[in-house]
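Residue numbers (our numbering), protein chains in the order written: chain Z, 1 to 381; chain V, 1 to 181; chain B, 1 to 477.
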Amino acid sequence: MSPNAASKAGVAEGQVVRLSKAGVSIEIPVLIQPGQSDDCVAVALGYGRTKAGRVASGVGANAYPFVEFVDGTFRYEAEDVSIEPTSTFVELAKTQVHQSAEGRPLIMEYSLAEFVSGHLHEESEKQVDLWKPHDFPEHKWGMVVDLNACVGCNACVLSCQAENNIPVVGKDEVRRRREMHWMRIDRYYDEKPDGVTTRFQPMTCAQCDNASCETVCPVLATVHSSEGLNMQVYNRCVGTRYCANNCPFKVRRFNWFLYPHEDAVANLALNPDVTVRTRGVMEKCTFCVQRIEEGKIHARNEGRPIKDGEIKTACQQSCPANAITFGDLKDPESSVSKLRHTKRNYVLLEELNLRQGLTYLGKVRNDGETVGGEPKNGSSL
Amino acid sequence: MRATEPSEKTVRYAAAFFDNEHDLMAIAAEARLRGFEIQDVFTPYPIHGMDRAVGLKRSRLGWIAFVAGALGLISAILLQVWTSAYDWPLNVGGKPFNSFPLFVPVMFELTVLFSGLISIGVLFMMNRLWIMSKKKIFEGVTDDRFILVLKQEDASFDTEKAARLFKKYNAIKVMEGDKFV
Amino acid sequence: MAAVFRDIETVREEEIRLQSEIDRITAHPVYSPLREPLIDESKACSDVTNDISGLLERPASKGWWILFGLSFSLLIAGIVAAINTVYFGIGTWGLNKTVGWAFGITNFVFWIGIGHAGTFISAILYLFGQKWRTSINRSAEAMTLIAVMCAGIFPILHMGRPWLFYWIMPYPNTRGSLWVNFRSPLLWDFFAISTYFTISLVFWYLGLVPDLATARDRATNKARKIFYTVLSLGWNGSNRTWSRYETVYGVLAALATPLVLSVHSIVSFDFATSLVPGWHSTIFPPYFVAGAVFSGFAMVTTLLIPVRKVMHLEGYITVQHLDNMCKITLLTGSIVGLSYLTELFIGFYSGNPNEIFVILNRMGGPYAWAYWIMFSCNAFIPQLFWFKAFRTRIPLILSLCILVNVGMWFERFVIIVTSLHRDYLPSSWAIFIPTLTDVGLLVGSFGLFFTAFLIFLRLFPVISMNEVKGVLHYARD
């Protein structure tokens, strides 16, 4: 439901409304979605099931009764549906509750004219070191996410969850903002007079070389590997959560409870290459270290160096748009190294000098202007 | 153990009890100047200037505290540099293995800890303060009595002179004993 | 004949010289006649012994039992909350992926801060020769120890796996051997807090030994006799002992002074060395130390007002003492207020959008109420201590001091939670809502604090008798 429609109907987010049409009626809570048309509301299908096992049974309301079979096809639009507010409110389980970027330059977008002119953002200042940085003798793993390609489909989030045995914590825990996904897609709305544009960005552990999380761990449970990975040692972690506090990207996830891993059948769904984590330890994206090791072993067995693109992280593998590139930054010919040297490459929160392994390629938005014409105002930050 | 403390040898003694610090201080000073050998004085609270009155030298415990602190400092430096940079160096947040400025807080804390614990330990040892201690405790010394104890073993001890001195400063009680334990 | 006269003359001269030598040795310092006596009424040494030791020898009063019952029930609530935490996990707290610290660390910093007043009184005022400290230093130091214990529980409880807390100690082990991270402020905390507790304990105990000897010499029943005999270590008041004792006492005071300053500085490093906007601030060490002494003095005053009333110690802890403590509260409170303003100024002056946002968010965000409680209780309310009426009327002192304690708890809450809950990426912004377990632990820490303090009042002389006896004549003769 769009913000305008909600205020017109006098409902607030989380308020349960009754949708009814010709004897069919369901009660579902409102989610306010900027960008939605003011004249229509959208309802997700597939909920309100009765025989779907302990996870899915009885969740939500079934909207299929609104679907009509007309002229040999299903019509998924229903007209003249009435919306009646009820006095019930539910708290929606959302992984992101603040939808504005507050004007911060987090997700870079450029107009076509800017892109063509080549002046995208301030060049990074030359980095000065007070001490000699550590060596990465063999590999230095890096990732580049092309925001131009990313469609925000969340496939990476799901494949990461499947690959890394990430617990599903349920609605209540998500309401408490304790979802465990290592990867997420940040989404911000830019509200402008002529409508809403959405910016989004996949976010995961950036594997910083100057990792702020590592310095603060009292027990050395998170340290840097010689391949540029920020490693989390589950066995050593005592769970002070200091690392998560000190992570500017908030990508670290804490095991608040002992999430069940004991069910013999359900365990068959777990990835045997990745350990499960116990209660009270921190976890986070590893750049799929198990896949990196596997790739290294294969290469060693065949007595050859690792080929660029041979090792794919789970998120990269499942990205339908090929927005994620992963590889060795030590190799100047690798695609990830090349992408890093393109104009669009930028480092999130570069002023913190964290020297991430994860960088982004800014999005070029073509707002209908012609190349070489006057660039529109406000389309870049 | 007992033999190490000269003040607690078996000696014959004369003890005079007073009810205020000024008399005690004065008699202690006079007794010393008149050639008596003072075993010790006993007071309910520390009296400033008493060391001077009985002719006690400044304690060297301050130096012990200093040396102990230096020991703590050196241990802290060795512990941190060795474990972080030599025994198992790890790349933590891109910082150098020997992150010396970040080791300063622990250096300071261990300096204080060593200095405090060792000096109080030495104090307890030097004064033979321990839970099974069997020292002579004069009645009222922990309440409001101020006691001067003179050594009597010395052949030069003049009983009459001592008695006159005690009287001059209004001793409340005078007692003699054989063993000073 | 002339020789005899000359001998007499010599003897007389010798006597005069001797007397002047004695006078020189025994001369005691002259106090300004303007100074007021520290202890009310004309008390003699034996009165002090009787008054203070007597408190331990009489059975506990009804009031004591009522207070003990109340505190103990709070403690039980805390124990239930702690068991809940350890059994089920940190998920029983209101924390989330964004706000990783809240009540636990707030309580930790709060209690550590409370402890600072005791060391300030016992060490810093000792070095400055402030004789009035003698009436309050014992109870203030006991408060320090108890507060540090209350504080020490939280860093352990807030760990995900508290049973492994000993992993933060550097000891040789079979894991490599894997050491600890000496670069982490939490590790510095561990060293600072344990050193602080140890030094405070020995300092307090050293001051207690002569008084335990008094209790020993007065004990009539066997259990008490054994208890105090063991603890008093055969103390006999010998001047040799006193002499070394005073040296070591001075050494410990000189060590405890920088130590107490270091402890809260190091606690502030937990925040100052991080990169969270609102934490990353170089003003934190002095600001935290001033805040600690400020809250600690407010707490000492809050504790001593009922204690002097119930235990009839008005003659020892006089209005003059309370007045002095209020003055220190005023001074440190003003430093804290100045720090708030400096923080605001520097935040805007830096031009750093994240810093500016944190300040605006504190003043007008979801936790603005906490910020304004903090600001009014810590920066404005203590300013009332400029007026003598507020420093001398007991109910006014008590209510102001309680407000200061509330304000200082909120200061830590504001620093920790408002900085974390909205940091760099708005996508992760979140709200912290405390759970019953959080509240239970906060309440329980107060329960532990008061329970332990009440036990202290029954076991140990509440006023340092040997030191008070030493200042009885102060400004009197």
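Cβ atoms here follow ideal geometry from the backbone N, Cα and C, with glycine treated the same way. What you are looking at is a predicted structure, and each value in this text was computed from that prediction instead of being measured.
Under a CB-based cut-off of 7 Å, is residue i close to chain Z?
i                : result
LEU56 (chain V)  : no
LEU79 (chain V)  : no
PRO170 (chain B) : no
ASP19 (chain V)  : no
ALA15 (chain V)  : no
LEU110 (chain V) : no
VAL92 (chain V)  : yes
ASN173 (chain B) : no
PRO46 (chain V)  : no
Does the distance from the CB of residue i to the CB of residue j come in under 7 Å?
i                : j                : result
VAL462 (chain B) : LYS131 (chain B) : no
ASN236 (chain B) : LYS151 (chain V) : no
VAL232 (chain Z) : THR240 (chain Z) : Per the sequence shown, the amino acid found at residue 232 (chain Z) is Gln instead of Val. Result no, Cβ atoms of GLN232 (chain Z) and THR240 (chain Z) do not sit closer than 7 Å.
ALA290 (chain B) : VAL336 (chain B) : yes
ALA314 (chain Z) : CYS285 (chain Z) : no
ILE52 (chain B)  : MET311 (chain B) : no
LYS469 (chain B) : TYR45 (chain V)  : yes
THR435 (chain B) : GLY94 (chain B)  : yes
GLU84 (chain Z)  : GLY14 (chain Z)  : no
PHE166 (chain V) : ALA28 (chain V)  : no
GLU141 (chain B) : TRP204 (chain B) : yes
MET374 (chain B) : GLY407 (chain B) : yes
Determine the extent of the beta strand (DSSP E) in which residue i is found, giving its start and end residues.
i                : result
ARG27 (chain Z)  : It is worth fixing the name first, because residue 27 (chain Z) is Glu in this sequence and not Arg. Run containing GLU27 (chain Z): 24-29, per the beta strand (DSSP E) assignment.
ASP328 (chain Z) : 324-328
GLU68 (chain Z)  : 68-70
GLU21 (chain V)  : Careful: GLU21 (chain V) lies outside any beta strand (DSSP E), inside the alpha helix (DSSP H) at 21-33.
ILE52 (chain B)  : From DSSP, ILE52 (chain B) is part of no beta strand (DSSP E) but of the alpha helix (DSSP H) over 45-57.
LEU19 (chain Z)  : 15-21
GLY109 (chain Z) : In the sequence as presented, Gly is not what sits at residue 109 (chain Z); that position holds Glu. GLU109 (chain Z) -> beta strand (DSSP E) spans 109-111.
MET203 (chain Z) : 195-203
GLU191 (chain Z) : 184-192
THR332 (chain B) : Note, THR332 (chain B): premise wrong, no beta strand (DSSP E); alpha helix (DSSP H) at 319-350.
ASP40 (chain V)  : 38-42
Within 7 Å (strictly less), CB to CB, does residue i reach chain V?
i                : result
ASP217 (chain B) : yes
THR313 (chain Z) : no
ILE52 (chain B)  : no
VAL202 (chain B) : yes
ASP308 (chain Z) : no
GLY373 (chain Z) : Confidence at GLY373 (chain Z) is low in this model, with a pLDDT of 45, below 50, so its placement is unreliable and no value can be given for it.
SER135 (chain B) : no
ASN377 (chain Z) : Because the pLDDT at ASN377 (chain Z) is just 48, under 50, the model does not fix this residue reliably, and the value given afterwards should be weighed accordingly. No, ASN377 (chain Z) does not count as interfacial toward chain V.
LEU145 (chain B) : no
THR257 (chain B) : no
Is residue i near the ligand GDP, in the sense that its beta carbon is under 6 Å from a heavy atom of that ligand?
i                : result
MET175 (chain V) : The ligand GDP is not part of this structure, which contains no ligands at all.
Hey, does residue i have any beta-carbon neighbour from chain B nearer than 7 Å?
i                : result
ASN127 (chain V) : yes
ALA53 (chain V)  : yes
ILE131 (chain V) : yes
GLU160 (chain V) : no
GLU176 (chain V) : no
So residue i and residue j are supposed to be a Cβ contact under 8 Å. How far apart are they, rounded?
i                : j                : result
ALA429 (chain B) : HIS421 (chain B) : The displayed chain sequence assigns Trp, not Ala, to residue 429 (chain B). TRP429 (chain B) to HIS421 (chain B), Cβ: 6 Å. Contact.
VAL216 (chain Z) : ASN246 (chain Z) : 5 Å
SER46 (chain B)  : ASP143 (chain V) : 6 Å
TYR13 (chain V)  : GLU139 (chain V) : The pair is not a contact, with the Cβ atoms about 15 Å apart (cut-off 8 Å).
CYS401 (chain B) : THR302 (chain B) : 5 Å
ARG32 (chain V)  : GLY49 (chain V)  : In fact, because the Cβ distance is near 13 Å, the residues do not count as touching under 8 Å.
Identify the continuous alpha helix (DSSP H) that holds residue i and give its terminal residues.
i                : result
GLY177 (chain V) : No alpha helix (DSSP H) holds GLY177 (chain V); the beta strand (DSSP E) holding it covers 173-177.
GLY118 (chain B) : 103-119
ILE397 (chain B) : 394-413
PRO285 (chain B) : 284-310
PHE89 (chain Z)  : Run containing PHE89 (chain Z): none in the alpha helix (DSSP H); it sits in the beta strand (DSSP E), 82-89.
In chain order, each alpha helix (DSSP H) run of at least 4 residues that lies wholly inside the segment 162-225 of chain B: Whole alpha helix (DSSP H) segments, 4+ residues: 185-218.
At what residue ranges does the segment 95-146 of chain Z contain a whole run of the alpha helix (DSSP H), taking only runs of 4 or more? 112-117
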